[in-house]
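Each step along the sequence shown adds one to the number in the numbering used here, with nothing skipped, and position 2 is 13. All C-beta atoms, glycine included, are put in the ideal place defined by N, C-alpha and C. Comments concern the structure below.
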Amino acid sequence: MVKEIMKDPLFLTQKSEPATQADISVGRDLMDTLAAHREGCVGMAANMIGVRKNIIIVNRGMVDQVMFNPVILSKKNSYDTEEGCLSLVGVRKTTRYEEITVEFRDFAWKLQRQTFIGWTAQIVQHEIDHCNGILI
12 MVKEIMKDPL FLTQKSEPAT QADISVGRDL MDTLAAHREG CVGMAANMIG VRKNIIIVNR
72 GMVDQVMFNP VILSKKNSYD TEEGCLSLVG VRKTTRYEEI TVEFRDFAWK LQRQTFIGWT
132 AQIVQHEIDH CNGILI
């Protein structure tokens, strides 16, 4: 189901709670909502649709990938950049890493470990920040 985008900074700066298998439907809602905002959005966190759970979605070109309880295990090569967000007006400066390794659960609740580089790594970091209550 397509959900409304949360814009309340007081809500968005609260740390998300761990997701459980009962939250699988939130992953599906993120898929629908990202698809509805495809022209101006490449990723989302559950708090952006009003759910304080540690769930993100990232567009990887031809596929959208949902991650439950993502945790960054390693980061390499920091750089400064600017980012925008559907939940905020304008762009802001931030520091990101060119390569990250992330551990997360998939829709089957299997533990996954994946390395992301470049643009995809940047999106993943932005969305994980959302789950930690960090706004750019």
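Whole-angstrom C-beta distance between residue 94 and residue 100, which should lie under 8 Å: Taking the sequence shown and counting its residues from 1, the one referred to as residue 100 is at position 89. Taking the sequence shown and counting its residues from 1, the one referred to as residue 94 is at position 83. Not quite, the Cβ-Cβ distance comes to about 13 Å (not below 8 Å), so this is no contact.
Which of helix, strand or coil does DSSP assign to residue 99? Here residue 99 refers to the residue found at position 88 of the sequence shown. In this structure, residue 99 counts as coil in the three-state DSSP scheme.
Residue(s) in a DSSP beta bridge with residue 22: As a first step, residue 22 must be located in the sequence shown, where it is residue number 11. Residue 22 is not bridged to any residue.
Would you mind stating whether residue 20 and residue 65 have Cβ atoms separated by less than 8 Å? The residue you call residue 20 lines up with position 9 of the sequence shown. The residue you call residue 65 lines up with position 54 of the sequence shown. No, the pair does not count as a contact, with Cβ atoms beyond the cut-off.
Inter-residue Cα distance where the pair is residue 17 and residue 46: Numbered from its first residue, the sequence shown carries residue 17 at position 6. Numbered from its first residue, the sequence shown carries residue 46 at position 35. If I take the Cα positions, the gap works out to 16 Å.
DSSP has residue 56 in a bridge; who is on the other side? Here residue 56 corresponds to residue number 45 of the sequence shown, with the count starting at 1. 67, per the DSSP bridge assignment.
Return the chain-ordered list of same chain residues with a C-beta closer than 8 Å to the C-beta of residue 54, the five sequence neighbours on each side being excluded. For the purposes of this step, residue 54 is taken as the residue at position 43 of the sequence shown. 45, 67, 68, 69, 70, 134, 135, 137 and 138.
Between which two residues does the beta strand (DSSP E) carrying residue 128 extend? On the sequence shown, residue 128 is found 117 positions in, with the first residue counted as 1. Segment 122–128, the beta strand (DSSP E) holding residue 128.
Provide the residue(s) that pair with residue 115 in DSSP beta bridges, ordered along the chain. By 1-based counting over the sequence shown, the position of residue 115 is 104. 123, per the DSSP bridge assignment.
Own chain, CB closer than 8 Å to residue 25, minus 5 neighbours either side, in chain order: As a working mapping, residue 25 is identified with position 14 in the sequence shown. Same-chain partners within the cutoff: 58, 63 and 144.
CA-CA distance, residue 36 and residue 42? Taking the first residue of the sequence shown as position 1, residue 36 is located at position 25. Taking the first residue of the sequence shown as position 1, residue 42 is located at position 31. Using only the alpha carbons, I get a separation of about 10 Å.
If you check the beta carbons only, do residue 111 and residue 83 fall under 8 Å apart? On the sequence shown, position 100 is the one that residue 111 refers to. On the sequence shown, position 72 is the one that residue 83 refers to. Going by C-beta atoms, residue 111 is nearer than 8 Å to residue 83.
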